[in-house]
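K.L.:
One structure is given below, represented as structure tokens, and several questions about it will come after.
Numbering (the numbering used here), first residue to last: 1 to 116.
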């Protein structure tokens, strides 16, 4: 166990040192991107995807209300996704601005693409 922890520590230290060199700037930008975007991806998955344990549990607990018509269920889902968009859009916008370059272009493409 000590060997695994030691190897992990040495590896993390080496990656941190590399990220702070001129050659490691791309790696650092990638880490910055994913450390900012991963919580947003998690938020969408946890709250709205049918494979999420939270969504499965809510469906199980609300089985009594399964008589809710499909239109109402679709409307609730649409409201949830809109709430997620409003909560996460400022985070993604700031990430795009902070990282600049290609990330701004990616933001421009995503802004005109029809997402579910």
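C-beta atoms are modelled at their ideal positions from N, C-alpha and C, and glycine is treated no differently.
Nothing here was measured: the structure is a model prediction, and the numbers come from that model.
Please confirm if the stretch 73-80 is in contact with the stretch 7-24, defined as three or more CB-CB distances below 8 Å between the two stretches.
P.N.:
In short, these stretches do not touch, since the Cβ pair count stays below three.
K.L.:
In terms of residues, what are the limits of the alpha helix (DSSP H) holding residue 52?
P.N.:
Here residue 52 belongs to no alpha helix (DSSP H), and DSSP marks it neither H nor E.
K.L.:
Near residue 23, what residues of its chain come up, given a Cβ to Cβ distance below 7 Å and the 5 sequence neighbours on each side ignored?
P.N.:
Hits under 7 Å: none found.
K.L.:
Quick check: what's the CA-CA separation for residue 50 versus residue 38?
P.N.:
Near 19 Å, if we compare the C-alpha coordinates of residue 38 and residue 50.
K.L.:
What did DSSP end up calling residue 113 once you bin it into helix, strand or coil?
P.N.:
The answer is coil: DSSP assigns residue 113 none of H, G, I, E or B.
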